[in-house]
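Chemist: The following block contains the structure, expressed as structure tokens.
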Amino acid sequence: MVIRVYIASSSGSTAIKKKQQDVLGFLEANKIGFEEKDIAANEENRKWMRENVPENSRPATGYPLPPQIFNESQYRGEAEAQAKQQA
């Protein structure tokens, strides 16, 4: 089981950067192994993430934004949805 977290290393959005830090920090603090997949530096990662976020989890306009979480190839959600489950 490999947890993959799709991030954007060069995002100009402070909100996205904060969400990414929160997700990665949570996984590290709980000693959960994961792989970071950078969509800003790798077009294949960006394409894979966009194609594999289910239709019902996509924004009304535009593309899904990082961080997005997958277990192997199974979609597990975005940062906000994961945080709500933890509460």
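For the sequence shown, counting from 1, position 71 maps to 71 in full-length UniProt numbering; every step adds exactly one.
Note that the Cβ used here is the ideal one computed from N, Cα and C, for glycine as well.
Nothing here was measured: the structure is a model prediction, and the numbers come from that model.
Pro64: which of Trp48, Ser73, Gln74, Asn71 sits nearest, CA to CA?
Modeler: Residue 64 sits at position 64 when you count from the first residue of the sequence shown. It is Trp48 whose Cα lies nearest to the Cα of Pro64.
Chemist: Considering Gly25, what are the terminal residues of the alpha helix (DSSP H) in which it resides?
Modeler: Position 25 of the sequence shown, counting from 1, holds the residue named residue 25. Residues 14-29.
Chemist: Arg58 by DSSP, collapsed to three states: which one?
Modeler: By one-based count along the sequence shown, residue 58 stands at place 58. Arg58 falls in the coil class under three-state DSSP.
Chemist: Taking only three categories from DSSP, how would you classify Glu72?
Modeler: As a first step, residue 72 must be located in the sequence shown, where it is residue number 72. Note: Glu72 maps to coil in three-state DSSP.
Chemist: Determine the closest residue to Asn52 out of Asp22, Lys31, Lys18, Gly77, with distance taken between C-alpha atoms.
Modeler: Numbered from its first residue, the sequence shown carries residue 52 at position 52. Looking at the Cα atoms, Gly77 is the closest of the given residues.
Chemist: Please name the residue or residues paired with Arg4 in a DSSP beta bridge.
Modeler: Walking along the sequence shown from the start, residue 4 turns up at place 4. DSSP lists Glu35, Phe70 as partners of Arg4.
Chemist: Quick one: what's got a C-beta closer than 6 Å to Arg4's C-beta in the same chain, skipping five residues either side?
Modeler: Here residue 4 corresponds to residue number 4 of the sequence shown, with the count starting at 1. Here the set comprises Glu35, Lys37, Phe70.
Chemist: Can you tell me where the alpha helix (DSSP H) with Ala52 in it begins and where it stops?
Modeler: For the purposes of this step, residue 52 is taken as the residue at position 52 of the sequence shown. Residue identity check: residue 52 is Asn in the sequence provided, not Ala. Taken as a continuous stretch (DSSP letters only), the alpha helix (DSSP H) holding Asn52 covers 43-52.
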